[in-house]
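Trainee:
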Amino acid sequence: MAAAGLILAGAMLVCAQDAPLDQHSSIGIDLPSDSPVALLKTDVGEIRPTQRGGALIVDLHMALTLRNSSAHHIRGVTLLVLAQEVTPGGKASVAVPSLDVAPGQAFSVRVDLRLLKPLQTGSGPLVKVSLDGVLFENFDFYGPNRLNSRRSMTAWEMEAERDRRHFKTVLAAAGPEGLRHAILESLARQAERPRIDVRVSRGGRAVAAATAPDRMVRFAFLRLPDSPVEPMEGWAEISGNEAREPRIEVRNRSPRPVRYVEIGWLVRDRQGREFLAGSVPAAENDMFLPPGETGRVLQDTALRFSRNAGEPVAIESMTGFVSQVEFADGKVWVPNRTSIENARLLGVLAPSPEEQRLTDMYRTRGINALIEELRKF
Amino acid sequence: MIKHPSEATLALFTGGELGRFARWRVGHHVEECDDCRRQVAGFAKLREEVRDAGEVPELDWNRLAVEMKANIRLGLEAGECVSRRSLPRAVFSLRALAACTSLAALLVVSLLLEQPTPRVEKVNAPDATVIEAASDGIQLKQGEQTLILKNGSARDVNYLATGDTMRARYVDADTGQVTINNVYVP
């Protein structure tokens, strides 16, 4: 009798878990009252959790339609996504750079999430979405900037200006055929760019391989002539396919104080293949580099590299280059196109968001749509 | 009079290292003999302890083996020196010989159980937080709890690890907009 009761209770629990969740109580969307973007519509598909073992899987598909309620063109938006009940302290964000949203115009941002959480559910919303920042065409910024989205979006916009200028120059000099040739070259580079899978961990090594003892490996540096910051020396602890605690000493050779530096990180395997492994950013709020001074860029995370679905990439050597600098006044430096080409980085680096968008536009809509797009601004 | 197997044989029997016939013969004896059964149980317990000791990730078995061999050689050489000084015969009593044999057997069994080859050990802290690129997005895993920020129907995704952040960049097939997803390690 008691067993039957238990089975019935279990069945009721499963039924309750399979029932769709209420959209309004599951998702919280928070835009400040003075926000330059207004929420027009939220499309959320049915949220139907499914049980797997002792956990619930919840898929959330959201499309937020926002309207530019400011007087300026919007170039980028970043939304902060929190699921505190599932990953306490964990944060996520969805950013849309390379926009050109005129005042009054609407645009949409999609957020697709999958959450795996214990059966016991709390009472609060599963996911909270809020605005972290909006970047305008004149580089003005609005938002709480909890994720430093101001710097990221400014850097993306500077890269966008750089790459639009490059393709406009090609168009002006060589016409539509020249532009087509440049875009096809970019698409070929993107297809051939060596990829590597990276796993980031904190709170312990990812793997320690007794076959490959720890060793300190020194960074070689690519020096970009126009970089305001110069890398001096750097090291990382390497064990097989894992790199830990990279630390790089840099010197500010510009006349302006610097508050953030990011070092691009290339790794070479034993076969001589070179991959973009990631970047080493300065710790937030931890750097102020007056002109002529040196400082350190370091991270306490461990990165493990693999390719082809798990095949470890044993690290033979590493190369670094300055990929981003933020000055104390909020201005951002990114490498120019010539420096990237001269340093033979073009084939290793991912294209900028704008180059990715423009080449995708050529692929899906053709050369005329691309030319029209380049003539917009 | 019952003839008991030697300690070395019992140790090898415990580790499953004897041949089929010897294993049957010793097994038959162990079933009948309380003393030998106790010794086998002792060896089995020791084996468990050795296996547990093997979980220490930084233990260098090659170095340990070399050190043990060097110590044994040193001990033998020292023994030779001492023997030249005509030590009393009691030093080489049967009891001492049995103790040495036991020690040697333990050494052999230990080395057999723990192959002196380096092993790959997972040493993840149990509560370590990991971010990685999953098949359809970026996955943040904290113990049993997981958040995946998905890439939608993206065709070509660029992933980048930036410090404690994993970034996925793609062109949204529906809107044509570049979308950049970030997941941050807490």
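Heads up: the sequence lines are chains A and B, in that order. In terms of the numbering used here, the first sequence has 312 at position 312, counting the first letter as 1, and numbering is strictly consecutive. Count along the second sequence from 1, add 1000, and you get the number used in the numbering used here. We treat Cβ as the ideally placed atom computed from N, Cα and C, and that holds for glycine. Here the structure is a predicted model, which is why all the values come from computation and not from measurement.
#1: Compute the beta-carbon to beta-carbon distance between A/Ser69 and A/Ala38, rounded to the nearest angstrom, for a pair I have assumed lies under 8 angstroms.
#2: For A/Ser317, which residues from the same chain have a beta carbon less than 6 angstroms from its beta carbon, with the 5 sequence-adjacent residues on both sides left out?
#3: Does B/Gly1016 come within less than 9 angstroms of chain A when only Cβ atoms are used?
#4: Who does B/Thr1162 pair with in a DSSP beta bridge?
#5: Of the choices B/Ala1105, B/Thr1146, B/Gly1019 and B/Val1030, whose alpha-carbon is the least far from that of A/Gly90?
#6: What's the call for B/Ala1161, buried or exposed, on a 16-neighbour Cβ count within 10 Å?
#7: Is it true that the segment 58–67 of chain A meets the segment 164–171 of chain A, where meeting means three or more beta-carbon pairs spaced less than 8 angstroms apart?
#8: Taking C-beta to C-beta, are A/Ala95 and B/Thr1175 nearer than 9 angstroms?
#9: Please report how far the alpha carbon of B/His1028 lies from the alpha carbon of A/Thr301, in whole angstroms.
#10: Can a CB atom of chain A be found closer than 9 angstroms to the CB of B/Leu1140?
#11: Taking 9 angstroms as the threshold (C-beta atoms), are A/Ile74 and A/Val111 in contact?
#12: Is the separation between the beta-carbon of A/Pro351 and that of A/Thr359 shorter than 9 angstroms?
#13: Please state whether the Cβ-Cβ distance between A/Ile196 and A/Arg344 is less than 9 angstroms.
#14: If B/Phe1013 sits next to B/Val1040, beta carbons under 8 angstroms apart, how far is it from one beta carbon to the other, in whole angstroms?
#15: Looking at the unbroken beta strand (DSSP E) that takes in B/Asn1181, where does it start and where does it end?
#16: So is A/Ser25 buried or exposed if we call it buried at 16+ other beta carbons inside 10 Å?
#17: Do A/Val129 and A/Gly143 have their C-beta atoms within less than 9 angstroms of each other?
#18: Would B/Met1166 pass as a contact of B/Glu1144 if the rule is Cβ separation under 9 angstroms?
#19: A/Ser130 CB to nearest chain B CB: under 9 angstroms?
#20: Comparing C-alpha positions only, which one of B/Arg1155, B/Asp1164, B/Tyr1184 and B/Leu1046 sits nearest to B/Ile1148?
#21: Using a Cβ cut-off of 9 angstroms (strictly closer), state whether B/Thr1162 contacts chain A.
#22: Quick one: what does DSSP say B/Gln1039 is sitting in, helix, strand or coil?
#23: Using 9 angstroms as the limit for Cβ to Cβ distance, is A/Ala188 near chain B?
#24: Using beta carbons (cut-off 9 angstroms, strictly below), is A/Ala236 in contact with chain B?
#25: Where do the N-terminal and C-terminal ends of the alpha helix (DSSP H) with A/Ala174 fall, by residue?
#26: Against chain B, with Cβ distances strictly below 9 angstroms, would A/Ala95 count as a contact?
#27: Taking C-alpha atoms, which residue in A/Phe305, A/Pro225, A/Asp286 and A/Gly320 lies nearest to A/Gly264?
#28: Can you check which of these residues, A/Phe327, A/His181 and A/Ile238, is closest to A/Asn252 by C-alpha distance?
#29: Considering A/His61, what are the terminal residues of the beta strand (DSSP E) in which it resides?
#30: Between the segment 286–304 of chain A and the segment 361–376 of chain A, do three or more beta carbon pairs fall short of 8 angstroms?
#31: Return the CA-CA distance between B/Cys1036 and A/Glu237, expressed in angstroms with no decimal places.
#32: So A/Leu298 and A/Ala314 are in contact, right, with Cβ under 8 angstroms, and what is the actual spacing, rounded?
#33: Report the residues of the segment 1027–1045 of chain B with a CB closer than 7 angstroms to any CB of chain A, ordered along the chain.
#34: Quick one: does A/Val200 have its CB under 9 angstroms from some CB of chain B?
#35: Buried or exposed: where does A/Glu46 fall if 16 or more other Cβ atoms within 10 Å of its Cβ makes it buried?
#36: Does the beta carbon of A/Ala277 sit closer than 9 angstroms to a beta carbon anywhere in chain B?
Mentor: Here's the rundown:
#1: With a Cβ gap of about 5 angstroms, A/Ser69 and A/Ala38 count as contacting.
#2: Excluding sequence neighbours, A/Ser317 sits near Arg268.
#3: Closer than 9 angstroms: no.
#4: Residue pairing from DSSP places B/Thr1162 in a beta bridge opposite A/Ser279 and B/Thr1165.
#5: Out of B/Ala1105, B/Thr1146, B/Gly1019 and B/Val1030, the CA that lies nearest to the CA of A/Gly90 is found in B/Thr1146.
#6: Residue environment analysis places B/Ala1161 among the buried positions, since at least 16 neighbouring C-beta atoms fall within 10 angstroms of its C-beta.
#7: No contact exists between the segment 58–67 of chain A and the segment 164–171 of chain A.
#8: Cβ distance not < 9 angstroms, so A/Ala95 and B/Thr1175 don't count as in contact.
#9: Cα to Cα, B/His1028 sits roughly 57 angstroms from A/Thr301.
#10: Yes, contact with chain A.
#11: Contact flag unset, no.
#12: Yes; because the gap between Cβ atoms is below 9 angstroms, this pair is in contact.
#13: The Cβ-Cβ distance between A/Ile196 and A/Arg344 does not fall below 9 angstroms.
#14: With a Cβ gap of about 7 angstroms, B/Phe1013 and B/Val1040 count as contacting.
#15: In the DSSP assignment, B/Asn1181 falls within the beta strand (DSSP E) that extends over Val1178 to Tyr1184.
#16: So A/Ser25 counts as exposed.
#17: No. Outside cutoff.
#18: The beta carbons of B/Met1166 and B/Glu1144 sit no closer together than 9 angstroms.
#19: Taking Cβ atoms only, chain B never reaches closer than 9 angstroms to A/Ser130, which makes this a no.
#20: Of the listed residues, the one whose Cα sits closest to B/Ile1148 is B/Tyr1184.
#21: It does; some Cβ of chain A falls within 9 angstroms.
#22: For B/Gln1039, the secondary structure class from DSSP, reduced to helix, strand or coil, is helix.
#23: At a cut-off of 9 angstroms between beta-carbon atoms, A/Ala188 makes no contact with chain B.
#24: Not closer than 9 angstroms to any Cβ of chain B, the Cβ of A/Ala236 fails to qualify, so no.
#25: For A/Ala174, the enclosing alpha helix (DSSP H) starts and ends at Ser149 to Glu192.
#26: Look at A/Ala95: its C-beta is under 9 angstroms from a C-beta on chain B.
#27: Ranking A/Phe305, A/Pro225, A/Asp286 and A/Gly320 by CA distance to the CA of A/Gly264 puts A/Gly320 first.
#28: Looking at the Cα atoms, A/Phe327 is the closest of the given residues.
#29: DSSP places A/His61 inside the beta strand (DSSP E), whose first and last residues are Ala55 to Asn68.
#30: Two segments are said to touch when three or more pairs of C-beta atoms, one from each, lie closer than 8 angstroms; by this definition the segment 286–304 of chain A does not touch the segment 361–376 of chain A.
#31: In this structure, the alpha-carbon of B/Cys1036 lies about 51 angstroms from that of A/Glu237.
#32: Rounded, the Cβ-Cβ distance is 23 angstroms, inconsistent with contact.
#33: Cβ contacts with chain A: none found.
#34: Answer yes: the Cβ-Cβ gap between A/Val200 and chain B drops below 9 angstroms somewhere.
#35: That one is exposed.
#36: Nearest CB-CB separation between A/Ala277 and chain B: below the 9 angstroms threshold.
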